[in-house]
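Below: one structure, written as structure tokens.
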Amino acid sequence: MKFFCTLLMVFCCSALVFSQDTEECFIPKIETDTAPLHYSEKKLPQRVSDFEPVTFNIYFWGFRLEDNTGNVAFNQENIDNAVRWLNEIYNQCNVSFNLLGTEIILSDEHYILENQIEFLSMIRDMRSNGYVREDAFNIYVSNQYFGFGGAAAAYFDTLAGIPAVKLIDSGTIQHEVGHCFSLLHTNQIIDATNCESATRDPNNKYYNADITGDLVTDTDACYIFTSEIDTDSCTLSSNRNDCFGYPYTIPSSLLHNYMTIGAPSCTKDQFTNGQFVRIRQAIELDPEGKFSKARVD
Ligand SMILES: [Zn+2]
Numbered sequence: 576m577k578f579f580c581t582l583l584m585v586f587c588c589s590a591l592v593f594s595q596d597t598e599e600c601f602i603p604k605i606e607t608d609t610a611p612l613h614y615s616e617k618k619l620p621q622r623v624s625d626f627e628p629v630t631f632n633i634y635f636w637g638f639r640l641e642d643n644t645g646n647v648a649f650n651q652e653n654i655d656n657a658v659r660w661l662n663e664i665y666n667q668c669n670v671s672f673n674l675l676g677t678e679i680i681l682s683d684e685h686y687i688l689e690n691q692i693e694f695l696s697m698i699r700d701m702r703s704n705g706y707v708r709e710d711a712f713n714i715y716v717s718n719q720y721f722g723f724g725g726a727a728a729a730y731f732d733t734l735a736g737i738p739a740v741k742l743i744d745s746g747t748i749q750h751e752v753g754h755c756f757s758l759l760h761t762n763q764i765i766d767a768t769n770c771e772s773a774t775r776d777p778n779n780k781y782y783n784a785d786i787t788g789d790l791v792t793d794t795d796a797c798y799i800f801t802s803e804i805d806t807d808s809c810t811l812s813s814n815r816n817d818c819f820g821y822p823y824t825i826p827s828s829l830l831h832n833y834m835t836i837g838a839p840s841c842t843k844d845q846f847t848n849g850q851f852v853r854i855r856q857a858i859e860l861d862p863e864g865k866f867s868k869a870r871v872d
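Heads up, the final residue of the sequence shown is numbered 872 in our numbering, and it's a clean run with no missing numbers.
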């Protein structure tokens, strides 16, 4: 690792320069495989109202170049807005975030992340250099990412990363924190061995919404989109069938769900009740003990 230090945050107001990037995000695959297992370990409450309100600290780390320039979007106004976005959605399941603080890290190495391997390298550096607050969620903000729009270090963990532009464009930080709370993409994990049936009738012999896909039963079965989306109305005209021959029925609301990928033109503004319950169950499970340490109360 190159020269590396932190300093108190100093804000500047020069012109912002933003990157093009994709809406795809990154989370290590191995965690995808293990995340669902925790949920079968014990009986969990099934309604959001079963859970007490909880508040977490959140801490933002911003990377600047080693000459202490760049990443001008990492400023108090934008960080305050990002915390407000988180609270707007997570308050709906009685989860709140309290901004504990911000800090600048000077690092040419982590200023731009060229790929997902570099994200993991950044996370390793943060851990080994003590730039992780155990008493908070940690959001690492590079100036730019290439090839992905955001990342979470692991499920049931408190570390995520976004490029600075995502302090301006709402949606990604809510998505990555969703991964921290073990939410999966609504429309990604579909293959021959894990094919979510479109049926939502629990008595149908092909019903498997609770054990496939994103493991949430009120997010409709879906798949990685190609070009079927009407980007003006955010609707999907699909004549595709699931693996069992049932037609996919994908409501517009799924395209506005924070955890749906591949529809970047559709504003993200919602989770389903099932996702909220899964979030609260994840906090209850807390298999790594990370959430309890990050709690304010
Ligand atoms: Zn994601």
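We put the beta carbon where it would ideally sit given N, CA and C, even for glycine.
Cβ neighbour criterion (16 or more within 10 Å) applied to residue i
{"i": "Val852", "result": "buried"}
{"i": "Gly736", "result": "buried"}
{"i": "Gly753", "result": "buried"}
{"i": "Thr806", "result": "exposed"}
{"i": "Ile799", "result": "exposed"}
{"i": "Asp596", "result": "Any reading at Asp596 must be qualified, since the residue scores a pLDDT of 38, below 50, and its modelled position is unreliable; the value itself is stated next. So Asp596 counts as buried."}
{"i": "Gly820", "result": "exposed"}
{"i": "Ile605", "result": "Bear in mind that a pLDDT of 45 at Ile605, under 50, signals an unreliable position, so the number given afterwards is only what the model happens to contain. Flag for Ile605 reads exposed."}
{"i": "Glu751", "result": "buried"}
{"i": "Gln749", "result": "buried"}
{"i": "Gln621", "result": "exposed"}
{"i": "Asn832", "result": "buried"}
{"i": "Asn653", "result": "buried"}
{"i": "Asp655", "result": "exposed"}
{"i": "Ser589", "result": "Note that Ser589 scores a pLDDT of 26, beneath 50, so its modelled location is shaky; the value from the coordinates is reported in the next line. Ser589 comes out exposed."}
Span of the beta strand (DSSP E), counted from its first residue to its last, around residue i
{"i": "Tyr634", "result": "Val629 to Arg639"}
{"i": "Thr747", "result": "No beta strand (DSSP E) contains Thr747, which is instead part of the alpha helix (DSSP H) from Thr747 to Cys755."}
Beta-carbon proximity check, residue i vs residue j, cutoff 7 Å
{"i": "Phe712", "j": "Phe631", "result": "yes"}
{"i": "Thr733", "j": "Ala857", "result": "no"}
{"i": "Leu640", "j": "Tyr706", "result": "no"}
{"i": "Thr677", "j": "Phe635", "result": "yes"}
{"i": "Glu638", "j": "Ser703", "result": "Checking the sequence shown, residue 638 turns out to be Phe, not Glu. No, they are not a contact pair."}
{"i": "Thr810", "j": "Thr847", "result": "no"}
{"i": "Cys841", "j": "Gly725", "result": "no"}
{"i": "Gln850", "j": "Leu759", "result": "no"}
{"i": "His613", "j": "Leu860", "result": "yes"}
{"i": "Cys569", "j": "Ile825", "result": "Because the chain here runs from 576 to 872, residue 569 falls outside it and cannot be looked at."}
{"i": "Val623", "j": "Arg855", "result": "yes"}
{"i": "Gly746", "j": "Lys865", "result": "no"}
Extent of the continuous alpha helix (DSSP H) to which residue i belongs
{"i": "Lys741", "result": "From DSSP, Lys741 is part of no alpha helix (DSSP H); its letter is neither H nor E."}
{"i": "Arg853", "result": "Asn848 to Leu860"}
{"i": "Lys868", "result": "Lys865 to Ala869"}
{"i": "Ser840", "result": "Where Ser840 is concerned, there is no enclosing alpha helix (DSSP H), given that its DSSP letter is neither H nor E."}
{"i": "His828", "result": "The identity of residue 828 in the sequence shown is Ser, whereas the question assumes His. Note, Ser828: alpha helix (DSSP H), Ser827 to Leu830."}
Would you check if the region 632 to 648 and the region 730 to 746 touch, i.e. whether three or more CB-CB distances between them fall below 8 Å? yes
Pairs of beta-carbons, one from the region 662 to 677 and one from the region 762 to 781, closer than 8 Å: are there three or more? Verdict: no, contact absent.
Give, in chain order, every unbroken run of the alpha helix (DSSP H) that is at least 4 residues long and sits entirely within the region 661 to 738. 683 to 686 and 691 to 703
Could you check whether the region 820 to 833 touches the region 769 to 782, counting it as contact only if at least three pairs of C-beta atoms, one from each stretch, sit closer than 8 Å? As far as the Cβ criterion goes, the region 820 to 833 touches the region 769 to 782, which means the pair count is three or higher.
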